[in-house]
Amino acid sequence: AKASGKQSIRCFDPAMQEEVNARLLLEDDIRRGLQAQEFIPYFQPQLNELGQVTGAEVLARWQHAERGLLTPNYFISVAEQAELIEQIDLQMLRQACLQLALWQQTSTTSSLRLAVNLSARLLYRTDFVEMILQFLAESGADPRQLKLELTETMLFDDMTTAIARMQELKKLGIRFSIDDFGTGYSSLAYLQKLPLNQLKIDQSFVRALLIEDSSEAIIKAICALADSLDLEVIAEGVETQAQYQKLLSLDCLHFQGYLFGRPMPLAEFESWLSQQPSS
Ligand code: C2E
Ligand code: CA
Ligand code: CA
Ligand code: CA
């Protein structure tokens, strides 16, 4: 009764009604974009402490027929509400597998890993493992080159199922990273239960690193925790040389951020790669 009450209020508020209409239009447009395969992967480099490129994070972009290139802030929240996010994730996963298979054929790119963002919706689908297996088989990609980025909050929806699903995927050789680590307020006990490979320090901590002492303390703590659990740490949102040097001194050994490279379309990423001294 409460919900329908809200609905009827909306109908009489022209501004809200307009907002609802705009959202419905965007939903339909996302459906059309998915059909037309307008969602494409951009690649943002990830590097190790030696400055070597270890791979990239796949970030979805919408190459819209009329509006041009759109970033996730334009479509992610509506895609989540409309339960379309999993379709976007699947298209990214599929394209990531195809790309890994192509890179495997060349020695300079064969060890590159791709990290793909996963929505809760997709992780909890019972046919998720089946779909991954299908992408791997179709492409011939090596699952060990594939990393999935999850957030803490999505794991807490149903920890038992999440663990089981992750264990299955780990058996295939797939890796896991916890995205935005440190921002979901949670007990850390769960970390031991999950088959993780990496913690990804949220960019808010990196941004505050040379400004607030507390950020340095938090990053130090994350690195110590990761070390004791035998996990890799990657910092995202690294924009300055000073942040980079500071992170190195704190024993964070993997990096991603504008300082090294922005998210790039495939051709640009490949030409960027070919200009890297150590790739
Ligand atoms: P995220 O997974 O935390 O990705 C990092 C975001 O930070 C990306 O924004 C990236 O472009 C941006 N970034 C990278 N380096 C820097 C830097 O040095 N400085 C600053 N200021 N920003 C930097 P983007 O590409 O707009 O993506 C935003 C969010 O959308 C992502 O945050 C992720 O949550 C979501 N997203 C993107 N692609 C996908 C996808 O395929 N599936 C799902 N489920 N979510 C996605
Ligand atoms: Ca991510
Ligand atoms: Ca992140
Ligand atoms: Ca995020």
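At position 20 of the sequence shown the residue is numbered 504 (the UniProt record's numbering), and the sequence of numbers has no breaks. For every residue, glycine included, the Cβ atom is placed at its ideal position computed from N, Cα and C.
Check	Outcome
Burial state of residue 635, where buried means 16 or more other Cβ atoms lie within 10 Å	buried
Contact check, residue 747 vs residue 526, beta carbons under 8 Å	yes
Close beta carbons around residue 548, own chain, < 7 Å, minus the five adjacent residues each side	517, 522, 554
8 Å Cβ shell around residue 645 - same chain, five flanking residues per side excluded	608
Continuous alpha helix (DSSP H) assignments of at least 4 residues falling wholly in the segment 731-763	750-758
Cut-off 8 Å between Cβ atoms - residues of its own chain near residue 654, not counting five sequence neighbours on either side	660, 679
Bridge-paired residues (DSSP) for residue 552	548
Reduced DSSP secondary structure (H/G/I, E/B, other) of residue 520	coil
Exposure of residue 722, with buried meaning 16 or more beta-carbon neighbours within 10 Å	buried
Identity of the residues DSSP links to residue 526 by a beta bridge	543
Closer than 7 Å: residue 720 CB and nearest ligand 3 heavy atom	yes
Cβ-Cβ separation, residue 662 to residue 683 (assumed contact under 8 Å), whole Å	5 Å
Per-residue DSSP class, three states only, for residue 489	Caution applies to residue 489, whose pLDDT of 48 falls short of 50 and renders its modelled position unreliable; the model cannot decide the point.
Outcome for residue 531 when other beta-carbon atoms lying within 10 angstroms are tallied against a minimum of 16	buried
DSSP three-state assignment for residue 609, whether helix, strand or coil	coil
Buried or exposed (CB count within 10 angstroms, at least 16 for buried), residue 696	exposed
Residue 695 CB to nearest heavy atom of ligand 1 below 7 Å	no
Per DSSP, cross-strand counterpart(s) of residue 532	738
Any non-hydrogen atom of ligand 1 closer than 7 Å to residue 555 Cβ	yes
Range covered by the alpha helix (DSSP H) that runs through residue 690	687-692
Heavy atoms of ligand 2 versus C-beta positions, residues under 5 Å	601, 633, 663
Integer Cβ distance of residue 720 from residue 740, believed to fall under 8 Å	5 Å
Residue 662, DSSP secondary structure in three states	strand
Heavy atom of ligand 3 within 7 Å of residue 684 beta-carbon	yes
Three-way DSSP call (helix, strand, coil) for residue 566 in this model	coil
Cα-Cα separation, residue 611 to residue 618	11 Å
Cut-off 8 Å between Cβ atoms - residues of its own chain near residue 685, not counting five sequence neighbours on either side	665, 666, 703, 706, 717, 718, 719, 720, 736
Which of helix, strand or coil DSSP assigns to residue 601	strand
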